[in-house]
Amino acid sequence: MFVTKKALPRRTFLKAAGVTVALPLLDSMVPAATALAQTPAAPIRRFGAVYVPHGLLQSQWLPATTGRGFEFSPILKPLEPFRDQITVLSGLSAGPTVLNGGHAVAPASYLSGNVQPKQTENSDVRGAVTVDQVMAAAIGQETTFPSLELATEDFSTSLGACDTGYSCIYMNTISWADARTPLPMETNPRTVFERMFGTGGSPAERQARMRTDRSILDGIAESVARLQQGLGAPDRSRLSTYLDNVREIERRIQRAEAQADEHPLDLSAPVGPPEAYDEHVSIMFELLAAAFRADLTRVFTFMAMRDITSRAFPHIGVPDPHHALSHEANGRSDDPNQQVKFARVNTHHTSLFAAFVARLASIQEGDGTLLDRSTVLFGSSMSNANDHTHSPLPLVVLGGGAGRMRRRGEHIASPPNTPMANLLLALAQKVGVETETFGESSNAMEV
């Protein structure tokens, strides 16, 4: 390992007009002859939560056996390459069945620890602080962003009731700072990119950069060259790879924006999200991986879609609106083809998530990878979308949790209606939150 005579601070930034780029962990950030656990390179613990609406088809999701050596179900199959990093969970509950309003209750209770939202169609909403925000308070205060909240669909302008008796507010986020403060989810990759790597700049500067296909990194080129001169070969390679990745994300955002012809080139308001859903999700995941890599954040939440979405997936042979399909596939229709199509969309979501997991696994950090040092929850807080049940839930956790996830490679079947809060409490403890309770937990689940 190459170590400079004077170690770089773990929080090293390269700055220029309108640009601030945090560096990834480099060998030269580790002081020579110092125990790793006592240096800035000590493993960082990270947490992410990915939410998909309307549940996942249980018959195609749940493995047939528990413990180790289970066979991956069709929907879980894309995650099979990460058998040693996966924990499959069954038997957990987010709360009682809500016949009217279940699609509003689901996102509001995903990370709340089984605390149910107040039934109201007005602005007097009441939820509960979510586990991501509890974690952010404990491990995110040293980072640029204590937490990041992302989504692909923006319905924040919807007013009144979006589901029977429940405000639209409940359906627009899975993250709450406290019982009265739902956090907005950002849907625009350009906005996220500029927040992460730009200090804003004027609209004119941003317009000029886009018109000439210039990069936000151009302004720090000289600083990068000077820094590279003092680094060893491994660090030079690591830094170049990181900056290449930042540039590639930027190019993908630019390409997506160029395809949206109806959006004017007016950067006083950010250009809208990509039209292609898969590219939108992929770019968001790349941004989250980059944020973890540069330690810009240690906590994120991501809504892959919004409940009651009418989004369809014709590019994979499913032209049906997703919400309607979720009802048809879960009991409203006797047509088995409805289940086939719903499971196809479920598997597609798992595949998009698996690409993110692979990205984390590909990024070295210290003596491990970002996946080794992360804990990422994926699933839904709805079980049967037609009956609006919230148990048993389709959930998996990926990652090593910086060595704290002890039951990787297992399918853990809990007794029916075990509070999901027990899982969230355990995950909070594993990232470093000192607490014995969360929400309606009864005890910390052994994971």
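With the first letter of the sequence shown counted as 1, position 97 gets the number 99 in the numbering used here; the numbers rise by one all the way through.
We put the beta carbon where it would ideally sit given N, CA and C, even for glycine.
Quick caveat: nothing in here was measured; it's all calculated off a predicted structure.
Contact set for residue i: own chain, Cβ-Cβ below 6 Å, skip 5 residues either direction
i: residue 420; result: 93, 94
i: residue 68; result: 413, 415
i: residue 363; result: 371, 373
i: residue 138; result: 148, 149, 301
i: residue 303; result: 51, 134, 151, 176, 177
i: residue 388; result: 329, 332, 333, 334
i: residue 378; result: 50, 400, 401
i: residue 315; result: 347
i: residue 254; result: 285
i: residue 361; result: 291
Residues near residue i in its chain [Cβ-Cβ closer than 8 Å; skip 5 each side]
i: residue 417; result: 93
i: residue 310; result: 55, 105, 164, 165, 173, 325
i: residue 357; result: 284, 287
i: residue 428; result: 446, 447, 448, 449
i: residue 410; result: 86, 87, 88, 89, 402
i: residue 2; result: Nothing about residue 2 can be reported from this structure: the residues present for the chain run from 3 to 449 only.
Nearest neighbour of residue i, chosen from the options [CA to CA]
i: residue 107; options: 382, 324, 258, 22; result: 382
i: residue 183; options: 339, 191, 110; result: 110
i: residue 353; options: 313, 339, 408, 287; result: 287
i: residue 296; options: 228, 323, 366, 308; result: 366
i: residue 404; options: 428, 432, 441, 385; result: 432
i: residue 62; options: 360, 127, 345; result: 345
i: residue 225; options: 14, 406, 128; result: 14
i: residue 18; options: 197, 439, 221; result: 221
i: residue 125; options: 359, 97, 181; result: 181
i: residue 424; options: 97, 280, 384; result: 97
i: residue 143; options: 439, 440, 434; result: 434
i: residue 351; options: 280, 338, 341, 140; result: 280
Beta-carbon spacing of residue i, residue j below 8 Å
i: residue 55; j: residue 368; result: no
i: residue 376; j: residue 48; result: yes
i: residue 426; j: residue 113; result: yes
i: residue 282; j: residue 173; result: no
i: residue 422; j: residue 400; result: no
i: residue 248; j: residue 292; result: yes
i: residue 80; j: residue 349; result: yes
i: residue 30; j: residue 10; result: yes
i: residue 398; j: residue 58; result: no
i: residue 146; j: residue 391; result: no
i: residue 245; j: residue 219; result: yes
i: residue 127; j: residue 171; result: yes
i: residue 448; j: residue 115; result: no
i: residue 24; j: residue 298; result: yes
i: residue 258; j: residue 276; result: yes
DSSP-derived helix/strand/coil call for residue i
i: residue 416; result: strand
i: residue 131; result: coil
i: residue 75; result: coil
i: residue 375; result: coil
i: residue 303; result: strand
i: residue 176; result: coil
i: residue 112; result: coil
i: residue 467; result: Residue coverage of the chain in this structure runs from 3 to 449, which leaves residue 467 outside it and unanswerable.
i: residue 395; result: coil
i: residue 140; result: helix
i: residue 45; result: coil
i: residue 92; result: strand
i: residue 70; result: strand
i: residue 193; result: helix
i: residue 291; result: helix
i: residue 441; result: coil
i: residue 169; result: strand
i: residue 314; result: coil
i: residue 446; result: coil
i: residue 15; result: strand
i: residue 107; result: helix
i: residue 24; result: strand
i: residue 188; result: strand
Cβ shell of residue i (< 7 Å), same chain only, five flanking positions each side left out
i: residue 355; result: 52, 380
i: residue 103; result: 121, 165, 166, 167, 168
i: residue 194; result: 152, 188, 289
i: residue 179; result: 131, 135, 185
i: residue 436; result: none
i: residue 268; result: Because residue 268 carries a pLDDT of 42, less than 50, the predicted location of this residue cannot be relied on, and no value is offered for it.
i: residue 156; result: 189
i: residue 36; result: In this prediction, residue 36 scores a pLDDT of 48, lower than 50, which makes its location untrustworthy; the coordinate-derived value is nonetheless stated afterwards. So no residue of the chain qualifies.
i: residue 237; result: 4, 28, 29, 30
i: residue 101; result: 390
Heavy atom of the ligand MG within 7 Å of residue i beta-carbon
i: residue 375; result: As far as ligands go, the structure on display features none, and thus does not contain the ligand MG.
Chain B contact for residue i (CB, 8 Å cutoff)
i: residue 278; result: Looking for chain B here will not work: only one protein chain is present.
Length at least 3, wholly inside the segment 333–393: the beta strand (DSSP E) runs in chain order:
376–381
For the segment 210–246, which segments carrying the alpha helix (DSSP H) assignment without a break, of at least 4 residues, lie completely within its bounds, in sequence order?
223–231
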